[in-house]
Amino acid sequence: MKIVGLTGNDAVAEAMRQVDPDVVAAYPITPQTELMERFAEFVSDGIVKTELVLVESEHSAMSACVGASGAGSRVMTATSANGLALMWEMLYIAASCRCPIVMTVVNRALSGPINIHCDHSDSMGARDAGWIHLFSENSQEAYDNTLQAVRIAEHPDVSLPVMVTLDGFIISHTLERVEILEDEQAKKFVGDFSPKYSLLDVQNPVTMGPLDFHDFYFEHKRLQVQGMENARHVVREIGKEYGALSGRDFDYFESYRMEDAELAVVALGSAVGTARGVVDELRDEGKRVGLLKLRVFRPFPRREIVELLRGLKAFAVMDRSNSFGSYGGPVFSEVRSACYGQGLELPIVNYVYGLGGRDTTFEDIRRVYQEIEQMASSGKAPDDIRFLNVRE
Amino acid sequence: MIERHPMDQLLREDRIPHIWCSGCGLGTSLTAFMSALQDTGISLDNVSVVSGIGCTGRVAGYVKLDSFHTTHGRPIPFAVGLHLANPSLKVVVFSGDGDLIAIGGNHFIHSARRNLDMTIICVNNFNYGMTGGQGGPTTPIGAKTSTTPYGNFEFPFNIPHLAAASGATYVARWTALDARRLRKSIHEALMKRGFSVVEIISPCPTLFGRFNRQGTGLDILNSYREQTVIQHGADPAKVGIEPGGKIIVGKFVDIERPTFLDVVNQGLKGKFGPPVEKPRAEELAIPSVDE
Ligand code: SF4
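Heads up: the protein sequence lines correspond to chains A and B, in order.
If you count the first sequence from 1, position 116 lands on 116 in the numbering used here, and the numbers rise without skipping.
If you count the second sequence from 1, position 76 lands on 76 in the numbering used here, and the numbers rise without skipping.
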């Protein structure tokens, strides 16, 4: 194990260096660019054996990834915001062809208006594309999640693409203390990739992506659902195995000071770090507050999350993206829907925060805890979505 | 004392200072365009500027004209929509090589093929400046960028050849040093019927220049003095930029070809009734804002 100072982008590039994927196809977009620049240096210096293709658009990047994955290669890429949006068509193809591609999404607000700063509108928009979504709180987790993502994606019961997200600039460009596994440890952990089907296996020819109408399309989609369902146990097993190796256990979520908590916030990404600090402060003031950090958004751990929320008096769900016209952001909709029929009679409120990189401070999160405290005593949740730190 | 910059009337002062680095060729390129626009006498009410993403893409936000700052690679399709909805508009696409030739390359060739009546100003600095100087489809062989630290080994596009082969009616290339010739060339391109393309070779001292030890913006402009050769009418196929070779500049193509709307009006629409094309901008008797 080594301790180094790395930005989120560098940390993922380090993980990619250790994985040494066969093919990487990418196109520059802020704030992901430094990640790929760093990786391009590894390629140019012969440190990795990867075939790096600097294609002419993200649509081509994901297309090349699907092709390479179909050929039985281990494939990785990275993008952000509009780059991810341009991949949209191919995201679904990657998932339906069961290509275990690992992609870093450095979260950035989706235009328009044009904005390069963090929110989750990019990856949340892709939540139904059939990819597994792992969120990272900091550079360390961006590194850890990337290594685990390779194993999750390639697990024969899963065989699905995984996106590992990290907050643009807040994590991608912030230098932090990161523990890196020894190269041999990391390589041993990810192991070799032996795909079940490969376009280059000439003895057993297969066709990928053919027409699939009313006769079998539905069955194939059902199998895709099963792959995602299987990911539930695989994510956990690999999280434990990685914990034994690194000393950092991973699960669907991390509960922070939830033991006797009456009030809690559910959040994901870098805002969790801020919320952690607020929880510590409020605990010092004698408040029984906790925090639930969601790491796995797809597959959504609906049963497990309800058990953790059951004992509360009120809680808030934080969304760093909008779902226009819906009641609440994507995380809220999932959490609230998971609670239905589970006997949780308590106020649940949604806060949309940090759009387009708007800062979310201790004061903002404190306000959330104050408001849910009031909701807990009145027993009533507001029937509207709250927007944190916005001019109205 | 000069109280106001002569270009003020064409710039959104509230967006200034601009983000461009000192020594960048974009300032000269924009000045050449605005001067050329004034020279044409076209009413500013009838001009629309469309840009994509990148350092050059900021142009749409700086000009005090009807403008659209679009997504990466898509200024041409936006411009096509503008032009077809209101053919009396003078539509100018002002964007960079990464935007127009890489991610938007498909739109570039197909709009040239259809000969849509618009002007394309493509500032070529051989890399993706905005995102940190990555290599792209115009990076010359051997040139260093942040993604090609030991030199690029992919063959680049020759933009004038691409434009000419795809059907553009006007193709010229100048450097940011040729301020006057560039102005005249953009003037011609603006007045040209059909898909007109002006490529501007421009210094990016901050990234491409730094990676390739080209010195300051001024040094790079000086190097153009040595490196460029004016060859009007040169075969576009032979003006590719080779490492260490001369940069051929000049007007390479100036031909007549029916525009997309010409053929639509004569062909399909001609069978039904009067043409859909409205009068051209310069034929309209709308007073310009500076009158
Ligand atoms: S990065 Fe290069 S192209 Fe962009 S403004 Fe600076 S000098 Fe000009």
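Think of the CB as a built atom: it goes at the ideal place given N, C-alpha and C, for glycine as much as any other residue.
Quick caveat, the model's predicted, so the values are computed rather than measured.
Three-state secondary structure (DSSP) of residue i
i: A:N350; result: strand
i: B:I286; result: Residue confidence for B:I286 is low, a pLDDT of 42 falling below 50, so the modelled location carries little weight; the figure read from the coordinates is stated next. If DSSP states are grouped into helix, strand and coil, B:I286 belongs with coil.
i: B:E291; result: Confidence at B:E291 is low in this model, with a pLDDT of 35, below 50, so its placement is unreliable and the value that follows should be read with caution. Coil, per DSSP.
i: B:R210; result: helix
i: B:D64; result: First, the amino acid is wrong: residue 64 of chain B is Lys here, not Asp. Three-state result, B:K64: coil.
i: A:L223; result: helix
i: B:G250; result: strand
i: A:Y197; result: coil
i: A:R295; result: coil
i: A:Q148; result: helix
i: A:K2; result: strand
i: A:I132; result: strand
i: A:I365; result: helix
i: A:T315; result: The question names Thr, but residue 315 of chain A in the sequence shown is Phe. If DSSP states are grouped into helix, strand and coil, A:F315 belongs with the strands.
i: B:F297; result: No statement about residue 297 of chain B is possible, as the shown extent of chain B runs from 1 to 291 and does not include it.
i: A:D119; result: coil
i: A:Y92; result: helix
i: A:R257; result: coil
i: A:G290; result: strand
i: B:G129; result: coil
Presumed contact (8 Å Cβ cut-off) between residue i and residue j, rounded CB distance
i: B:V92; j: B:T71; result: The pair is not a contact, with the Cβ atoms about 18 Å apart (cut-off 8 Å).
i: A:M318; j: A:A267; result: 4 Å
i: A:S96; j: A:Q203; result: Not a contact, Cβ separation roughly 25 Å.
i: B:Q231; j: B:I247; result: So it is not a contact: roughly 10 Å between Cβ atoms.
i: B:S88; j: B:R183; result: About 24 Å separates the two Cβ atoms, so there is no contact after all.
i: A:Y256; j: A:G290; result: 6 Å
i: A:A81; j: A:R108; result: 4 Å
i: A:V102; j: A:V164; result: 7 Å
i: A:L312; j: A:L346; result: 6 Å
i: A:D144; j: A:Y27; result: Going by Cβ atoms, the distance from A:D144 to A:Y27 rounds to 26 Å, so no, they are not a contact pair.
Neighbour-count burial assignment, residue i, 16 or more Cβ in a 10 Å radius
i: A:P21; result: buried
i: A:S378; result: exposed
i: B:G98; result: buried
i: A:H120; result: buried
i: A:I170; result: buried
i: B:V253; result: buried
i: A:E307; result: exposed
i: B:T139; result: buried
i: A:D157; result: exposed
i: A:R391; result: exposed
i: A:T50; result: buried
i: A:M16; result: buried
i: A:G130; result: buried
i: A:K450; result: Past the edges of chain A, shown from 1 to 392, lies residue 450 of chain A, and the structure says nothing about it.
i: A:E334; result: buried
i: B:S9; result: Note on residue identity: the sequence assigns Gln, not Ser, to residue 9 of chain B. Counting Cβ neighbours within 10 Å, B:Q9 comes out exposed, since fewer than 16 surround it.
Residue i CB to nearest heavy atom of the ligand SF4 below 8 Å
i: B:W174; result: no
i: A:L91; result: no
i: B:G298; result: Because chain B is modelled from 1 through 291, residue 298 of chain B falls outside the range shown and cannot be assessed.
i: B:L26; result: yes
i: B:C55; result: yes
i: B:C122; result: no
i: B:S202; result: yes
i: B:E211; result: Position check: residue 211 of chain B holds Phe in this sequence, whereas Glu was assumed. Every heavy atom of the ligand SF4 is 8 Å or more from the Cβ of B:F211, so no.
i: A:G286; result: no
i: B:I186; result: no
i: B:P205; result: yes
i: A:F39; result: no
i: B:C94; result: For clarity, residue 94 of chain B is Phe in the given sequence; the question names Cys instead. Checking the Cβ of B:F94 against the ligand SF4 gives no.
i: B:F33; result: no
i: A:I116; result: no
i: A:G328; result: no
i: B:G61; result: no
Residue i CB to nearest heavy atom of the ligand HEM below 8 Å
i: B:N125; result: Of the ligands this structure carries, namely the ligand SF4, none is the ligand HEM.
Checklist entry - Using a Cβ cut-off of 9 Å, which residues of the region 175 to 201 of chain B contact any Cβ in chain A, in chain order? => result none
Checklist entry - the region 110 to 141 of chain B: which residues have C-beta closer than 8 Å to a C-beta of chain A, in chain order? => result Y128, M130, T131, G132, Q134, G135, G136, P137
Item to check | chain A contacts from the region 67 to 100 of chain B (Cβ-Cβ distance under 7 Å) | outcome: H69, T71, H72, G73
Next on the checklist: Using a Cβ-Cβ cutoff of 7 Å, what residues of the region 43 to 74 of chain A are near chain B? List them in chain order.
Outcome noted: S44, L54, E56, S57
Checklist entry - When you check each C-beta in the region 28 to 41 of chain A against every C-beta of chain B, which residues fall closer than 8 Å? => result P28, I29, T30, T33, E34, M36, E37, A40, E41
Next on the checklist: Under 8 Å, CB to CB, which of the residues in the region 50 to 61 of chain B have a partner in chain A?
Outcome noted: I53
Next on the checklist: Counting only Cβ-Cβ distances shorter than 9 Å, please list the residues of the region 81 to 96 of chain A near chain B, keeping chain order.
Outcome noted: N82, G83, A85, L86
Checklist entry - Closer than 7 Å, Cβ to any Cβ of chain B: which residues of the region 104 to 119 of chain A, in chain order? => result S111, I114
Next on the checklist: Residues of the region 32 to 48 of chain B in Cβ contact with chain A at a cutoff of 9 Å, in chain order, please.
Outcome noted: none
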